[in-house]
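Contents: one structure, followed by commentary.
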Amino acid sequence: MNRLDALRGTTPPKPHDARAIAALAANPGCTRRALMDGAGIDKGAAARHLGFPAPFGQSPFAITRGNAFEALVKADGCAELLRMLRELLGLPIAEVAYHDVENVGAHLRHTHTRALIDRAVREEDAGTVYDHPLFTLEIAGHTAYLEPDVVAFQLGGRFHIVEIKSFAVIDGQADPAAAAAAARQAAVYVLALRGLLEELGHDPLRVSHEVVLVCPENFANRPVATLVDVRRQLAVLRRQLARMTDLDRLIDALPDGLTFDLMPDEDGLPSRPVAELADAVRGAAARYAPDCLSTCDLCFFCRDEARQEGASDLLGRHVRDELGGVASVGEALALADGARAPAEGQEEIARLLRGAERLRRECLT
Amino acid sequence: MSDRLDDLERRIDELRAGVRTAMRVRDTATARGLRAELRAAERAWDALVSTPGEPARSGPAKGRGDGLRLVTVREQVHQALALLDAPAQPRLIVTVSQAFFAGTIRSAQLTSLRRDEERSFRSSPYGRPYYLCAALTDRLSPARALLTLSTWPVERRVVGPLSPRVDFLTGAARIAAHLAGLGQAPPEGERLLARMARNIPGAGGDGLGPPDPARVADAARRELAVHAERDALDRAELAGRATSQLGDVARLFGAATLNTVARSGER
Chain A
1 MNRLDALRGT TPPKPHDARA IAALAANPGC TRRALMDGAG IDKGAAARHL
51 GFPAPFGQSP FAITRGNAFE ALVKADGCAE LLRMLRELLG LPIAEVAYHD
101 VENVGAHLRH THTRALIDRA VREEDAGTVY DHPLFTLEIA GHTAYLEPDV
151 VAFQLGGRFH IVEIKSFAVI DGQADPAAAA AAARQAAVYV LALRGLLEEL
201 GHDPLRVSHE VVLVCPENFA NRPVATLVDV RRQLAVLRRQ LARMTDLDRL
251 IDALPDGLTF DLMPDEDGLP SRPVAELADA VRGAAARYAP DCLSTCDLCF
301 FCRDEARQEG ASDLLGRHVR DELGGVASVG EALALADGAR APAEGQEEIA
351 RLLRGAERLR RECLT
Chain B
366 MSDRLDDLER RIDELRAGVR TAMRVRDTAT ARGLRAELRA AERAWDALVS
416 TPGEPARSGP AKGRGDGLRL VTVREQVHQA LALLDAPAQP RLIVTVSQAF
466 FAGTIRSAQL TSLRRDEERS FRSSPYGRPY YLCAALTDRL SPARALLTLS
516 TWPVERRVVG PLSPRVDFLT GAARIAAHLA GLGQAPPEGE RLLARMARNI
566 PGAGGDGLGP PDPARVADAA RRELAVHAER DALDRAELAG RATSQLGDVA
616 RLFGAATLNT VARSGER
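Chains as they are written, first to last, in the working numbering: chain A, 1 to 365; chain B, 366 to 632.
If you want it as structure tokens, here you go:
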């Protein structure tokens, strides 16, 4: 771990939240991100200092909308939520118990969550809906506190995570990117709750891998619930977290003395020369994809780097995978017009590229 | 009835004092506003004294400009809570007040209400006919965002695990009964009932037209019967603890949590 602390330097570590942990699973191949998150580095501050601030943070309108929708779903003892659970999972009429964990002080919330969940497992009928629980998840030696914006509830001895999101499901279809992000985030909570059950000495599989996603239906504000299977997200997440605790292999590949320290002065402002920091960050390989723009604070820095190299990553994951073995756009073009002879292993892709180039020329003339 | 008269008299006294203070500092605009309210209060007092049979909630003339301003925020909340007969969140209180009492309150006005009431109670205990107070959780601390009336028995003011659902069903049944009793149902009231009916099994909330109040009340009572026994047990236990362990102020406004104790210790 000392090496990770050296990477972070004198800057205090930044706690992870569910969004950040979920974003890890979105790009598991990125060494730069794995290292910086493992060391608890404030990527936003680093990006700002590098001159590539990410315009992150939700719009206040979106936050207000999200909160209003959540309040609607949870109003009057979760009346709407209970209706949906009865329809979706056949929740018995008698199961309506509601526990608001936030009734205890903020510093007791995690302990209270543990006590309530423990009681729920031991006594079959000890409660259905838990509002505002607080879970913990161990990330590379640091404890992250997670607040499922909602509820873990128990039905037939199994816990389900409920995730309330305010993007609309129109005619049974939701924005795939938003739905995928919600599933990844819910997977983080599933993992955290499973960890909690294991700690308490219960069977972790009592947490269902199916999460309940609640969204507004069509163009009205009426909530509708769907079951989402998050097994795939769970697998990715677990692998990624295991990788973060086992960062030695990645660290060994780094040049000696590398650090991402911002060297904050007395006022907490970063004082490290920008060029030096940029060199250090480039020392860890990134795997840029356009999706990064919505999940990572360093996205603009990595995009700029990918542009300078003319990397094929810029064109998206799909194209990058098609162009396996061809690293840059220039190389691909050279292969296509025959200016460059294909190296060993590139014959197949070179043939395809030439064919495409011929078709393009025929179309244009 | 006499509660309301007491309240009005107190309000008239307050307004008179307010007019005098305003005149002393030569704030004519405030004085004029207060005088208008005073006159309206006196008119309402007259109306109440001269027609003793009239129920309290129709006292202030609905829709009349003066009358609307007369009904204070706490009084509007009281009306809504008295109709629901169960602890309720500000959002529901506002909706009920708007639907049935031509209410003018907004949720934001309710945020400081509980604190004001507590301060008033501390300075002169039981000086008012009723207080808007907190619901008590299983730790006897104030529950988040739930308002109750001090005139209710403690059993109704505590919140066990099943209580939110029971309170919701009680409120729905009460609203359905109230709607059925009105000659012409206000559209906001029907909308509120339709929204509640959707979440009660067998209440017929999925139809397009307004729901049948009798059917909603029936469905609510049927589900209530499922939860009533266990909820009553939970509540009785909590109420017993509240009465034996808490003083007057804490019984109405909730015992301080460790959090608030710690915070006041820091000061």
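Ideal placement from N, C-alpha and C gives every residue a C-beta, glycine not left out.
For residue i, name the three-state secondary structure that DSSP assigns.
{"i": "arginine 3(A)", "result": "helix"}
{"i": "aspartate 131(A)", "result": "strand"}
{"i": "proline 210(A)", "result": "For the sequence presented, residue 210(A) should be read as glutamate rather than proline. Looking at glutamate 210(A) - three-state DSSP - the assignment turns out to be strand."}
{"i": "histidine 16(A)", "result": "coil"}
{"i": "glutamate 217(A)", "result": "strand"}
{"i": "tyrosine 98(A)", "result": "strand"}
{"i": "histidine 160(A)", "result": "strand"}
{"i": "aspartate 583(B)", "result": "helix"}
{"i": "cysteine 296(A)", "result": "coil"}
{"i": "isoleucine 377(B)", "result": "helix"}
{"i": "glutamate 138(A)", "result": "strand"}
{"i": "valine 326(A)", "result": "coil"}
{"i": "phenylalanine 69(A)", "result": "helix"}
{"i": "cysteine 302(A)", "result": "helix"}
Between the options, which has its C-alpha nearest residue i's C-alpha?
{"i": "leucine 200(A)", "options": "Phe301(A), Phe135(A) and Leu146(A)", "result": "Phe135(A)"}
{"i": "leucine 373(B)", "options": "Leu598(B), Thr437(B), Ala601(B) and Glu553(B)", "result": "Thr437(B)"}
{"i": "leucine 370(B)", "options": "Pro452(B), Glu555(B) and Arg493(B)", "result": "Arg493(B)"}
{"i": "leucine 108(A)", "options": "His132(A), Pro92(A) and Arg307(A)", "result": "His132(A)"}
{"i": "glycine 51(A)", "options": "Phe301(A), Gly316(A) and Ala327(A)", "result": "Phe301(A)"}
{"i": "leucine 478(B)", "options": "Arg560(B), Leu514(B) and Arg408(B)", "result": "Leu514(B)"}
{"i": "alanine 45(A)", "options": "Arg272(A), Val188(A) and Arg86(A)", "result": "Arg272(A)"}
{"i": "alanine 327(A)", "options": "Leu254(A), Asn221(A), Val104(A) and Arg287(A)", "result": "Arg287(A)"}
{"i": "threonine 445(B)", "options": "Ala406(B), Leu497(B), Asp613(B) and Gly612(B)", "result": "Correcting the residue type first, residue 445(B) is alanine in the shown sequence and not threonine. It is Leu497(B)."}
{"i": "arginine 397(B)", "options": "Leu380(B), Ala542(B) and Ala412(B)", "result": "Leu380(B)"}
{"i": "tryptophan 410(B)", "options": "Ala541(B), Asp368(B), Val459(B) and Ala620(B)", "result": "Asp368(B)"}
{"i": "proline 53(A)", "options": "Leu333(A), Arg307(A), Glu322(A) and Leu293(A)", "result": "Leu293(A)"}
{"i": "threonine 516(B)", "options": "Phe533(B), Tyr491(B) and Ala621(B)", "result": "Tyr491(B)"}
Pop quiz: residue i and residue j are said to be a contact at Cβ under 8 Å. What is the actual Cβ separation, rounded to whole angstroms?
{"i": "glutamate 483(B)", "j": "phenylalanine 618(B)", "result": "5 Å"}
{"i": "histidine 99(A)", "j": "glycine 127(A)", "result": "5 Å"}
{"i": "alanine 538(B)", "j": "alanine 582(B)", "result": "5 Å"}
{"i": "alanine 336(A)", "j": "alanine 356(A)", "result": "7 Å"}
{"i": "leucine 501(B)", "j": "alanine 585(B)", "result": "About 24 Å; that fails the 8 Å criterion."}
{"i": "leucine 247(A)", "j": "alanine 34(A)", "result": "7 Å"}
{"i": "leucine 227(A)", "j": "valine 214(A)", "result": "Not really, about 11 Å apart at Cβ, beyond 8 Å."}
{"i": "valine 190(A)", "j": "histidine 209(A)", "result": "7 Å"}
{"i": "proline 566(B)", "j": "arginine 86(A)", "result": "7 Å"}
What residues of chain A sit near residue i, judged by a beta carbon separation below 9 Å?
{"i": "aspartate 450(B)", "result": "By Cβ distance, chain A contributes nothing, its closest Cβ being about 14 Å from aspartate 450(B), past 9 Å."}
Which chain B residues are close to residue i, counting only those with a beta carbon under 8 Å from its beta carbon?
{"i": "leucine 82(A)", "result": "Arg530 and Asn564"}
{"i": "arginine 86(A)", "result": "Pro566"}
Which residues in chain B sit within 7 Å of residue i, going by Cβ to Cβ distance?
{"i": "valine 96(A)", "result": "Leu527, Arg530 and His592"}
{"i": "histidine 99(A)", "result": "Pro526"}
{"i": "isoleucine 93(A)", "result": "Pro566, Glu588 and Val591"}
How about residue i and residue j: do their beta carbons lie closer than 8 Å?
{"i": "tyrosine 474(B)", "j": "alanine 510(B)", "result": "Looking at the sequence shown, residue 474(B) is not tyrosine but glutamine. Their beta carbons are not under 8 Å apart, which means glutamine 474(B) does not touch alanine 510(B) by this criterion."}
{"i": "alanine 192(A)", "j": "leucine 146(A)", "result": "yes"}
{"i": "aspartate 291(A)", "j": "alanine 26(A)", "result": "yes"}
{"i": "glutamine 154(A)", "j": "alanine 120(A)", "result": "yes"}
{"i": "arginine 48(A)", "j": "alanine 284(A)", "result": "no"}
{"i": "valine 129(A)", "j": "proline 223(A)", "result": "no"}
{"i": "glycine 330(A)", "j": "glutamine 346(A)", "result": "no"}
{"i": "arginine 206(A)", "j": "phenylalanine 159(A)", "result": "yes"}
{"i": "phenylalanine 69(A)", "j": "isoleucine 164(A)", "result": "yes"}
{"i": "isoleucine 377(B)", "j": "leucine 403(B)", "result": "yes"}
{"i": "threonine 10(A)", "j": "aspartate 171(A)", "result": "no"}
{"i": "aspartate 297(A)", "j": "lysine 43(A)", "result": "yes"}
{"i": "isoleucine 117(A)", "j": "leucine 234(A)", "result": "no"}
{"i": "alanine 22(A)", "j": "arginine 184(A)", "result": "yes"}
{"i": "alanine 545(B)", "j": "proline 576(B)", "result": "no"}
{"i": "arginine 456(B)", "j": "glycine 525(B)", "result": "no"}
{"i": "leucine 512(B)", "j": "valine 442(B)", "result": "yes"}
What residues from chain A crowd round residue i, counting only those whose CB sits closer than 8 Å?
{"i": "glutamine 454(B)", "result": "Ala75 and Asp76"}
{"i": "leucine 457(B)", "result": "Ala75 and Asp76"}
{"i": "phenylalanine 533(B)", "result": "Asp76, Gly77 and Ala79"}
By the criterion of Cβ-Cβ separation under 9 Å, what are the contact partners of residue i in chain B?
{"i": "glycine 90(A)", "result": "Here the premise fails: no neighbours, minimum Cβ distance about 12 Å."}
Name the chain A residues whose beta carbon is nearer than 7 Å to that of residue i?
{"i": "arginine 509(B)", "result": "Asp100, Glu102 and Asn103"}
Contact set between the stretch 121–145 of chain A and chain E, restricted to residues whose Cβ is under 7 Å from the partner: Within the model displayed, chain E is absent; protein chains A and B are what it includes.
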